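Asker:
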Amino acid sequence: MAGGIELHQEVDSEASRPNRSSDKTTSVTVVDRLWKAALDVVFPIDCLGCGSRGRFVCPSCVDRMPKLERPFCTVCANPGVAGICSWCQAHAPSIDAIRSPYLYVPSSPIYRAITSLKYGGMRSIAPELAELLYAFWGTRRTADPDIIVPVPSHPSRVRQRGYSQASLIAAELGRRMNVSVSTDTLLRVKNAPSQLETESREDRWSNVQGGFRSRSHVDGARVLLVDDLVTTGSTASACAAALKMAGAHRVVGLSLARAP
Numbered sequence: 012m013a014g015g016i017e018l019h020q021e022v023d024s025e026a027s028r029p030n031r032s033s034d035k036t037t038s039v040t041v042v043d044r045l046w047k048a049a050l051d052v053v054f055p056i057d058c059l060g061c062g063s064r065g066r067f068v069c070p071s072c073v074d075r076m077p078k079l080e081r082p083f084c085t086v087c088a089n090p091g092v093a094g095i096c097s098w099c100q101a102h103a104p105s106i107d108a109i110r111s112p113y114l115y116v117p118s119s120p121i122y123r124a125i126t127s128l129k130y131g132g133m134r135s136i137a138p139e140l141a142e143l144l145y146a147f148w149g150t151r152r153t154a155d156p157d158i159i160v161p162v163p164s165h166p167s168r169v170r171q172r173g174y175s176q177a178s179l180i181a182a183e184l185g186r187r188m189n190v191s192v193s194t195d196t197l198l199r200v201k202n203a204p205s206q207l208e209t210e211s212r213e214d215r216w217s218n219v220q221g222g223f224r225s226r227s228h229v230d231g232a233r234v235l236l237v238d239d240l241v242t243t244g245s246t247a248s249a250c251a252a253a254l255k256m257a258g259a260h261r262v263v264g265l266s267l268a269r270a271p
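The structure is reproduced here in structure tokens:
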């Protein structure tokens, strides 16, 4: 584990690359805006926070959403802990760091947004959630990843939902960052109960051990592991273990929200 390594420490010795803004990115943004404007006329969108028209989470509600702020564990992002938490010191997770912009609390629009995507079939919210992650990532002074990998759902859950919520978010984030997204690098081989349904942190850790397998090599790659929600970081660490067995140099987790 490269525990305790802050994101801002991996700076532009590797990241001194040209600005990633490109004509291609600009044209995609213009097309996205035109398409969204057309959809808003036919299928109007109401904010999940205040009910105002136009976005799933309006800018005012975004500003008011509870944020994950320091102190938090520099590895698993456990809120309220400075440095490396006792759990990470004892268990040495494979993930190098986890970062999330928001806290997952029931009163917040981000809670409603994640549950709407994950359980309500509202896949059209994914681009907006990816935009929130993209804005958050832009505040980090760190080198961009070589590849983005979503945390995979078990195939049975993908069949049930019709999609993987993490893959939808990762695909949209990759377009904005101009970074390749691989949805088939990781395979979930263990259909464990939801981490939200598992009470203790020890059980959550055991729940996902050996639960993922890498189907391709990622030799020397800096991997950005994307998910909608982090509860304890156990799932992210199990994914990172599989990725590092496949040759990954560094794995950083990025999720929309972190459970308090």
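Under our numbering, the first residue of the sequence shown is numbered 12, with each subsequent residue one higher.
Every residue, glycine too, gets a C-beta built ideally from N, C-alpha and C.
These figures come from a predicted structure and were not determined experimentally.
For P166, count the other beta carbons within 10 Å of its own beta carbon; 16 or more makes it buried, fewer makes it exposed. Which is it?
Answerer: Stepping through the sequence shown from its first residue, residue 166 is reached at position 155. Classification of P166: exposed, given that the 10 Å Cβ count is below 16.
Asker: Leaving aside the five residues before and after Y122 along the sequence, list all residues of the same chain whose C-beta is less than 7 Å from its C-beta, in chain order.
Answerer: Residue numbering aside, residue 122 sits at position 111 when the sequence shown is read from its first letter. Within the same chain, Y122 has close Cβ partners Y115 and V116.
Asker: Can you look up K129 in the DSSP assignment and give me helix, strand or coil?
Answerer: Looking up residue 129 in the sequence shown gives position 118. K129 falls in the helix class under three-state DSSP.
Asker: Mind checking if E142 is an interface residue toward chain B, Cβ cutoff 7 Å exclusive?
Answerer: Of the protein chains in this structure there is only one, and it is not chain B.
Asker: Could you pull the DSSP bridge partners for D57 from this structure?
Answerer: Translated into positions along the sequence shown, residue 57 becomes position 46. Bridge partners of D57: R64.
Asker: State buried or exposed for Q176, treating a residue as buried only when at least 16 other CB atoms are found within 10 Å of its CB.
Answerer: On the sequence shown, residue 176 is found 165 positions in, with the first residue counted as 1. Buried is the call here.
Asker: My output table needs one value for G264: the three-state DSSP class, helix, strand or coil.
Answerer: Indexing the sequence shown from 1 puts residue 264 at position 253. G264: strand per DSSP, three-state reduction.
Asker: Going residue by residue through the region 93-176, where are the continuous beta strand (DSSP E) segments of at least 3 residues, counting only ones entirely within it?
Answerer: The qualifying runs are 108-110 and 158-161.
Asker: Does DSSP put P90 in a helix, in a strand, or in coil?
Answerer: Here residue 90 refers to the residue found at position 79 when the sequence shown is read from its first residue. Three-state result, P90: strand.
Asker: Please go through the same chain and pick out, in chain order, the residues whose beta-carbon is closer than 7 Å to the beta-carbon of S32, but skip the five residues on each side of it.
Answerer: In the sequence shown, counting from the first residue as 1, residue 32 sits at position 21. Caution applies to S32, whose pLDDT of 42 falls short of 50 and renders its modelled position unreliable; the value that the coordinates give is listed next. Nothing meets the Cβ criterion.
Asker: Can you give me the C-alpha to C-alpha distance between T150 and R110, rounded to a whole angstrom?
Answerer: Here residue 150 refers to the residue found at position 139 of the sequence shown. Here residue 110 refers to the residue found at position 99 of the sequence shown. Taking the straight line joining both Cα atoms gives about 12 Å.
Asker: How about A251 and I106: do their beta carbons lie closer than 7 Å?
Answerer: Walking along the sequence shown from the start, residue 251 turns up at place 240. Walking along the sequence shown from the start, residue 106 turns up at place 95. Yes.
Asker: Exposed or buried, what is A101 when buried is set at 16 or more other beta-carbons lying within 10 Å of its beta-carbon?
Answerer: For this step, residue 101 is matched to residue 90 along the sequence shown. Label assigned to A101: exposed.
Asker: By the three-class DSSP mapping on this structure, what secondary structure does V229 have?
Answerer: In the sequence shown, residue 229 corresponds to position 218, counting from 1. In the structure shown, V229 sits in coil (DSSP, three-state: anything other than H, G, I, E or B).
Asker: If we count the other Cβ atoms within 10 Å of its Cβ and call it buried at 16 or more, is A249 buried or exposed?
Answerer: Translated into positions along the sequence shown, residue 249 becomes position 238. When all chains shown are included, A249 counts as buried.
Asker: C61: buried (16+ other C-beta within 10 angstroms of its C-beta) or exposed?
Answerer: For the purposes of this step, residue 61 is taken as the residue at position 50 of the sequence shown. Under this definition C61 is an exposed residue.
Asker: Rounded to whole angstroms, what's the CA-CA distance from D34 to R212? Just pull it up for me.
Answerer: In the sequence shown, the residue the question calls residue 34 occupies position 23. In the sequence shown, the residue the question calls residue 212 occupies position 201. Note on D34: pLDDT 49, under 50, position unreliable in the model; no value is reported.
Asker: Mapping DSSP to helix, strand and coil, what is L254?
Answerer: Taking the sequence shown and counting its residues from 1, one reaches residue 254 at position 243. Of the three classes helix, strand and coil, the one that applies to L254 here is helix, per DSSP.
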